[in-house]
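S.K.: According to my numbering, the sequence shown holds residues 67 to 269 in order.
No residue lacks a Cβ here, since even glycine has one placed at the ideal position from N, Cα and C.
None of the values given here were measured: they were computed from a predicted structure.
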Amino acid sequence: MDAPELNAPSSAAAANRRGVVIALAILVAVLVGAWFAYGTLAGQAEPGDAAAAQATASSDENLPHLEDYDAQVLSALGDSTSLVKIADGKPLVINFWATWCPYCIQEMDDFQVIYDDYGDWVNFAFVDATDGVRETIEDARAWIEERDYTLPFYFDTRYEATGGFGVQAFPTTVVVAANGDILTISAGRIDPDLMRSALDSLR
């Protein structure tokens, strides 16, 4: 199926912000490679852990904003909503995942604990990359229904959110401040302690 055309930011500022996100994604790839090489040489690397590197914007002036990457997704009930609406003025954690991704599945239990602890003041969006080919909404729903997670799942059936953020690897997790600034983009399985520290810093 053809990917939908994504709306590009109209202002120069938005373009600059998009450049920052692309730079962050590149930095993530570099950090992941370096971390994995070091871990392998030290005999400590385990599958999935190598992708836990993080990239964080270095100054508030250059932080991209969620509004420039807003996208429509479907809720678990099938209602259309947007990432900005999901944030609703609170910090937001966006996790891009798929049922065929082993590291995505492995980190769900960790995310459930974090959601239970932080969900009263942090909003979460677990966005399934529903491309209709490798991942269908039926497959994703069946996987969710077989488990006892209370996480807020969404379906990116038009690939707007996944494509807008330029996600190349799963899982990818984004941390957004209450004011909409995109603070952190992490490729790979999360480190629960690092995630908690990131969220605690937003109190």
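Does DSSP put residue 263 in a helix, a strand or coil?
M.R.: Residue state, collapsed to three classes: helix.
S.K.: Around the Cβ of residue 216, are there at least 16 other Cβ atoms within 10 angstroms (buried) or fewer (exposed)?
M.R.: The residue is exposed, with fewer than 16 neighbouring Cβ atoms inside 10 Å.
S.K.: By Cβ distance, which residues of its chain are closer than 7 Å to residue 170, with the 5 residues on each side in sequence left out?
M.R.: Closer than 7 Å at the Cβ level, and outside the excluded window around residue 170, lie 163, 164, 236 and 237.
S.K.: With three or more beta-carbon pairs closer than 8 Å as the criterion, would you say the stretch 132–150 touches the stretch 177–188?
M.R.: Cβ pair count under 8 Å is below three, so no.
S.K.: With 16 as the cutoff for other CB atoms within 10 Å, does residue 113 come out buried or exposed?
M.R.: At residue 113 the pLDDT is 35, less than 50, meaning the model places this residue with poor confidence; the figure from the coordinates comes in the next sentence. Label assigned to residue 113: exposed.
S.K.: In the DSSP assignment, the beta strand (DSSP E) including residue 239 goes from what residue to what residue?
M.R.: Residue 239 -> beta strand (DSSP E) spans 238–242.
S.K.: Which runs of the beta strand (DSSP E) at least 3 residues long sit entirely within the stretch 128–194? Give them in chain order.
M.R.: Fully enclosed beta strand (DSSP E) runs of 3 or longer: 138–141, 146–148, 158–163 and 189–194.
S.K.: On a Cα-Cα basis, can you pick out the residue from 203, 244 and 128 that is closest to residue 149?
M.R.: Minimum Cα distance to residue 149 is reached at 244.
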